[in-house]
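One structure below.
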Amino acid sequence: MNTTYHFDDWDTPAPRTAQDTAARTTSAVPSPCDAAAGTPPGLALAPVNAADKRIVNGKADINQLAPFKYPWAWEFFLKANRNHWTPLEISMAQDVHDYHHKLSAAERHVFENVLAYLTTSDILAMRNIGLAVMEKMSAPELQIYQARQVYEEALHTWTYQHCIESIGLDQQEIYNRYRVVPEIHGKIALANRRLERVMRADFDLTDRANLHEFALSYFFFAVIFEGCWFYNGFTPVFALQRRGLMKGAAEQLQYIMRDEVLHCAFGIRVVRELLKEETLTLDPQALRTLWDEAEAAEHAYASFILRDPILGYNAELHVRQFRFIANRRARQVGVEEPFPGAENALPWLDEQANLRKEKNFFETRVTEYQTGGALAWD
Ligand SMILES: [Fe+2]
Ligand SMILES: [Fe+2]
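All residue numbers for the sequence shown refer to this note's numbering, where the first residue is 1248 and numbers rise by one.
Here it is as structure tokens:
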């Protein structure tokens, strides 16, 4: 039988006769959308039902944004877009002078190694979301915020590169430092191991053990890697900023921190929803191991970057603050606090995170970056 094609039916031959129509309703090859939506082939596709969407393993059409099942994810996307900024808008001129003429050897050691750790970390964060997480999400509103997050992690990498270039640090030496300094490498290696486990080609999320592994990995990256290590990781530079040093770099880190707070909050929400949808409980022993490994790696890292304390900041304060923030994150996810009784060692940190207050205090810039609404943190 000859079939007539029309120029606008670019992917489907138009039925020309009653016989054609009958044939089409009974033997047409189902499209991926038919299969995804569970619609009998050839019939008009049923609208997506939000209730059919799932964090992972969903069957609803992934290409249709609304109706939302996770409207909060769309709100995260809108909020992230109101926070737009670039590192070129912040002056680094005073930092060049500070680094070469004002910082002590111990302070330069702290500053350089924080940068060395962060440069590698943000690339890992980008790869985790872009390569290991996004492809497993089965609701488009989740993927869309994560696409923005991938961009922001790249923006953060650009920011560190901008700081390294502006100050005139040896790029090759700084970028290679995580490979030759065991105390920096320890944190990166932990994250790499998590990432590799969920990026295996045969990783099937319909398997409950794999699903648990994925939830644990997502927990690690959102709660520990971004929510604790990043959140707490900027503080040595903020300690310099509080003394009027390296204010440009510190301001750059404040913008990064604002993004990271959203990443962490989004990740925690995803983990909570995933556990609920899948009636999954994170294994307490696996969680304990995660926290203990993270604390040991953070302790080694702090002992290296702060082998000599700087004014107002030392390794013990850094680790104590890690434990305090870890408890806060655990409460947000709804799991047991890993370090009961940990106290807030740096009560200024949350305030430091508030860009507007900090600007007023240090009078660094008057520009308000946010394009709409008020700044909000966790
Ligand atoms: Fe980042
Ligand atoms: Fe992040």
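For glycine and all other residues, C-beta sits at the position ideal for the given N, C-alpha and C.
What you are looking at is a predicted structure, and each value in this text was computed from that prediction instead of being measured.
Exposure of residue i, with buried meaning 16 or more beta-carbon neighbours within 10 Å
| i | result |
| --- | --- |
| His1348 | exposed |
| Thr1366 | buried |
| Lys1234 | In this structure the chain extends from 1248 to 1625, so residue 1234 is not present and cannot be described. |
| Thr1406 | buried |
| Asp1342 | buried |
| Trp1476 | buried |
| Glu1632 | Nothing can be reported for residue 1632, as the shown portion of the chain is limited to 1248 through 1625. |
| His1344 | exposed |
| Gln1418 | exposed |
Closest Cα partner of residue i within the set the options
| i | options | result |
| --- | --- | --- |
| Pro1429 | Ala1547, Met1381, Asp1597, Ala1512 | Ala1547 |
| Phe1450 | Asp1417, Gln1418, Leu1500, Lys1383 | Lys1383 |
| Arg1455 | Glu1359, Asp1369, Leu1529, Trp1538 | Leu1529 |
| Gln1393 | Glu1590, Leu1325, Arg1578 | Leu1325 |
| Tyr1465 | Ser1338, Asn1310, Leu1534, Ala1313 | Leu1534 |
| Glu1399 | Lys1316, Met1373, Phe1315 | Met1373 |
| Glu1460 | Met1339, Gln1311, Ala1298, Val1380 | Val1380 |
| Arg1329 | Ala1401, Pro1314, Arg1505 | Arg1505 |
| Glu1498 | Asn1304, Ile1431, Ala1340 | Ala1340 |
| Glu1473 | Asp1345, Arg1489, Ile1515 | Ile1515 |
| Tyr1317 | Ser1338, Leu1350, Ser1385 | Ser1385 |
| Ser1351 | Ile1431, Tyr1425, Ala1549, Leu1558 | Leu1558 |
| Ala1363 | Ala1327, Ile1411, Arg1489, Leu1402 | Ile1411 |
Beta-carbon contacts of residue i that lie in its chain and below 6 Å, excluding the five residues immediately before and after
| i | result |
| --- | --- |
| Asn1375 | Leu1442, Phe1468 |
| Ala1270 | Here Ala1270 scores only 37 on pLDDT, less than 50, and its place in the model is too uncertain to base an answer on. |
| Ala1541 | Ile1471 |
| Ser1368 | none |
| Leu1500 | Phe1481, Val1484 |
| Ser1274 | Per-residue confidence for Ser1274 stands at a pLDDT of 34, beneath the threshold of 50, marking its modelled position as unreliable; the derived number appears in the next sentence. Counting only Cβ-Cβ distances below 6 Å, and skipping sequence neighbours, we find nothing. |
| Pro1314 | Ala1297 |
Contacts around residue i, its chain only, beta-carbon distance under 8 Å, and the 5 residues preceding and following it disregarded
| i | result |
| --- | --- |
| Val1361 | Gly1480, Phe1481, Pro1483, Val1484, Ile1552 |
| Asn1561 | Leu1553 |
| Asn1574 | Glu1584, Pro1585, Phe1586, Pro1587, Ala1589 |
Cβ-based neighbour list, residue i, same chain, cut-off 7 Å, excluding 5 preceding and 5 following
| i | result |
| --- | --- |
| Glu1525 | Leu1458 |
| Ala1197 | Given that the chain is displayed from residue 1248 to residue 1625, the structure contains no residue 1197 and the question cannot be resolved. |
| Ala1462 | Val1518, Leu1521, Leu1522, Leu1527, Leu1529 |
| Glu1378 | Going by the sequence as given, residue 1378 is Leu instead of Glu. Same-chain partners within the cutoff: Met1446. |
| Ile1370 | Thr1404 |
Rounded separation between residue i and residue j - CA only
| i | j | result |
| --- | --- | --- |
| Leu1492 | Glu1336 | 19 Å |
| Glu1388 | Ala1512 | 16 Å |
| Arg1355 | Ala1496 | 13 Å |
| Leu1487 | Ala1353 | 12 Å |
| Pro1279 | Ile1309 | No answer about Pro1279 holds up, because its pLDDT of 41 lies below 50 and its placement is not dependable. |
| Val1303 | Thr1453 | 9 Å |
| Ala1297 | Trp1319 | 14 Å |
| Val1580 | Asp1299 | 24 Å |
| Ile1414 | Glu1420 | 14 Å |
Proximity test, Cβ basis, 8 Å: residue i and chain D
| i | result |
| --- | --- |
| Lys1326 | In the structure shown, chain D does not exist; there is a single protein chain. |
Problem - Those runs of the alpha helix (DSSP H) which lie wholly inside the region 1452-1516 and span at least 4 residues - result: Those alpha helix (DSSP H) runs which fall completely within the region 1452-1516 and span 4+ residues are 1455-1466, 1482-1488.
Problem - Sequence ranges, beta strand (DSSP E) only - wholly within the region 1312-1380, length at least 3 - result: Fully enclosed beta strand (DSSP E) runs of no fewer than 3 residues are not present anywhere in the region 1312-1380.
Practice task
Ignoring anything shorter than 4 residues or poking outside the region 1526-1576, list the alpha helix (DSSP H) runs there in chain order.
Solution key: Taking only runs of at least 4 residues, the alpha helix (DSSP H) segments lying wholly in the region 1526-1576 are 1531-1552.
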